[in-house]
Amino acid sequence: MALISWSDAFSTGITEQDEQHKNLIYLINRLNNSIEEGKDAEVLEAVLAQLVDYTIYHFGYEERLMKRHGYADTPAHKSEHEKFVETVYDFKRKLDSGSAVISIQIINFLRMWVTGHIMKTDKKMGLELSKVGVK
Ligand SMILES: [Fe+2]
Ligand SMILES: [Fe+2]
Numbered sequence: 002m003a004l005i006s007w008s009d010a011f012s013t014g015i016t017e018q019d020e021q022h023k024n025l026i027y028l029i030n031r032l033n034n035s036i037e038e039g040k041d042a043e044v045l046e047a048v049l050a051q052l053v054d055y056t057i058y059h060f061g062y063e064e065r066l067m068k069r070h071g072y073a074d075t076p077a078h079k080s081e082h083e084k085f086v087e088t089v090y091d092f093k094r095k096l097d098s099g100s101a102v103i104s105i106q107i108i109n110f111l112r113m114w115v116t117g118h119i120m121k122t123d124k125k126m127g128l129e130l131s132k133v134g135v136k
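Here the numbering used here is used: the sequence shown runs in plain steps of one and ends on residue 136.
This is the structure we're talking about:
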């Protein structure tokens with residue numbers, strides 16, 4: 002069973018943003034499935050690397066969109082993204098040095114952060130940008 006299932010409750014009202022969130026959820030589910038299936042550390046790290054790359058691409062997309070439309074809450078939103086990236090990089094460093102393994106704790110952190118950020122911060126952004134005609 003998927004760890005996170007997409008539902009319309011996650012929708013921000015912006016089609017491209019929703020599509021990217023579906024991809025992010027897919028990658029978190031994939032990481033979770035790989036752990037459950039007992040995949041090797043190398044496989045887990047490859048999936049995590051893919052998730053990190055996609056997250057950075059996605060944050061770039063949102064930040065450009067906010068900037069283009071002069072969204073007032075851009076600095077606070079950007080700072081949430083930056084803190085998340087720092088935490089994930091920190092974790093990646095620990096993995097690379099062998100002082101940590103990918104566990105259910107990291108999966109839970111990813112799940113809680115991504116769903117919480119979409120529900121609160123991204124939906125707030127979607128609502129505001131919808132008002133200026135972004136679809
Ligand atoms: Fe997002
Ligand atoms: Fe965001």
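We put the CB at the ideal spot given by N, CA and C, even for glycine.
(request) For Y72, count neighbouring C-beta atoms within 10 Å of its own C-beta (all shown protein chains included) and say buried if the count is 16 or more, exposed if not. (result) One-based indexing of the sequence shown puts residue 72 at position 71. Counting Cβ neighbours within 10 Å, Y72 comes out buried, since at least 16 surround it.
(message) Using the Cβ count rule (16 or more neighbours within 10 Å means buried), how would you classify D123?
(response) Taking the first residue of the sequence shown as position 1, residue 123 is located at position 122. The residue is buried, with at least 16 neighbouring Cβ atoms inside 10 Å.
(message) Can you give me the C-alpha to C-alpha distance between Q51 and N24, rounded to a whole angstrom?
(response) Locating residue 51 in the sequence shown gives position 50, where the first residue counts as 1. Locating residue 24 in the sequence shown gives position 23, where the first residue counts as 1. Taking the straight line joining both Cα atoms gives about 11 Å.
(request) In the DSSP assignment, find the unbroken alpha helix (DSSP H) run with I26 in it and report its ends. (result) In the sequence shown, counting from the first residue as 1, residue 26 sits at position 25. Run containing I26: 16-37, per the alpha helix (DSSP H) assignment.
(message) Is the beta carbon of L45 closer than 8 Å to that of I29?
(response) Taking the sequence shown and counting its residues from 1, the one referred to as residue 29 is at position 28. Taking the sequence shown and counting its residues from 1, the one referred to as residue 45 is at position 44. It is not a contact, given that the beta carbons lie outside the stated cut-off.
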